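Heads up: the sequence shown is residues 575 to 788, going by the working numbering.
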Amino acid sequence: MSAAANFCSHRMPFAPELKSLQAVRLGTLSLIAPLDQKQLDYAPAQGKWSIGEIVDHLLLAQQFERGIIEELILLSRSGKKPFVNRTFLEFELRPAFVPRRVILPLDPLLSFFSAQVPQSIRKWVMTRGPVPFRGPAQAAPRHGLPGDDLRKRLLTSHESIASLYETNADLDFHTLVAHHSMLGSMDMIEMLRIMAYHETRHQKQISRIIRRLS
């Protein structure tokens, strides 16, 4: 992972977060490295994701997040306000037990309350919280993808994120902000933390399935 390996912390204040995200990604790779295709495709129950699907979901979610980061950078470079807003209509991250028709009208209210939630609470919800979330359609995984392809994409996806930050290190990432009705407002450094929290939660899901394979 050369893109994330060599950087100067005093010149790149996002370095700790990028290193943490890299460590999490290496953890995911380590978990799935010994698994064959049958193990990657094994679903613990009907309607439950396989390990391969979980990995594909992580990659699709990061692809969506990378799009937001690219949009913020483009806005900043063009002299416009670097702010992006994502509503439930665009990015339907929501508690799994709450129907879409119920939560969509609450978008403005949830957006207000999420802005008041400290990052520590968001981290707890995303890594240890008991509430299952339903991801957006953009991150709905596909079954049966080749393991070698998934492993390669795990590497290239992280390198792509790292490159975005490193090649735009002259920007003040604290001023580039994305807002989501459920997650609240996040600057570009907080977005790195959110990506790491999200992947950490799914690593635990992968570990549980691996134990069932033993």
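Glycine included, every Cβ here is placed at the ideal spot set by N, Cα and C. Because the structure is a prediction, the values reported are computed rather than measured.
Residue i versus residue j: straight-line alpha-carbon distance, rounded
i: Leu-570; j: Leu-600; result: This structure does not reach residue 570, given that the chain is present from 575 up to 788, and the question cannot be answered.
i: Lys-612; j: Lys-654; result: 49 angstroms
i: Met-760; j: Leu-787; result: 38 angstroms
i: Arg-660; j: Ala-607; result: 35 angstroms
i: Phe-747; j: Asp-610; result: 40 angstroms
i: Leu-603; j: Ile-642; result: 25 angstroms
i: Pro-590; j: Thr-741; result: 17 angstroms
i: Lys-778; j: His-631; result: 14 angstroms
i: Trp-623; j: Glu-639; result: 21 angstroms
i: Pro-656; j: Arg-716; result: 33 angstroms
i: Lys-726; j: Arg-775; result: 21 angstroms
i: Gly-758; j: Glu-773; result: 18 angstroms
i: His-754; j: Ala-714; result: 19 angstroms
i: Pro-733; j: Tyr-616; result: Note that residue 733 is Glu in the sequence shown, not Pro. Near 28 angstroms, if we compare the C-alpha coordinates of Tyr-616 and Glu-733.
Contact check, residue i vs residue j, beta carbons under 8 angstroms
i: Ile-780; j: Gln-636; result: no
i: Ser-731; j: Leu-633; result: yes
i: Gly-718; j: Gly-626; result: yes
i: Val-658; j: Leu-648; result: no
i: Leu-595; j: Leu-766; result: yes
i: Val-598; j: Ala-752; result: no
i: Val-629; j: Leu-724; result: yes
i: Gly-721; j: Leu-614; result: yes
i: Ile-784; j: Pro-618; result: no
i: Ile-763; j: Phe-588; result: yes
i: Leu-745; j: Ser-652; result: no
For residue i, the three-state DSSP class (helix, strand or coil)
i: Ser-737; result: helix
i: Arg-660; result: strand
i: Gly-758; result: strand
i: Asp-589; result: Just to set this straight, residue 589 is Ala in the shown sequence, not Asp. If DSSP states are grouped into helix, strand and coil, Ala-589 belongs with the helices.
i: Ala-770; result: helix
i: Thr-717; result: This sequence places His at residue 717; Thr is not what is there. If DSSP states are grouped into helix, strand and coil, His-717 belongs with coil.
i: Ala-743; result: coil
i: Ala-577; result: Any reading at Ala-577 needs caution, since the residue's pLDDT is 45, under 50, leaving its predicted position unreliable; the model's value is listed next. Three-state DSSP puts Ala-577 in a helix.
Mind listing, in chain order, the continuous alpha helix (DSSP H) runs of no fewer than 4 residues lying wholly within the stretch 599–638? 611–615
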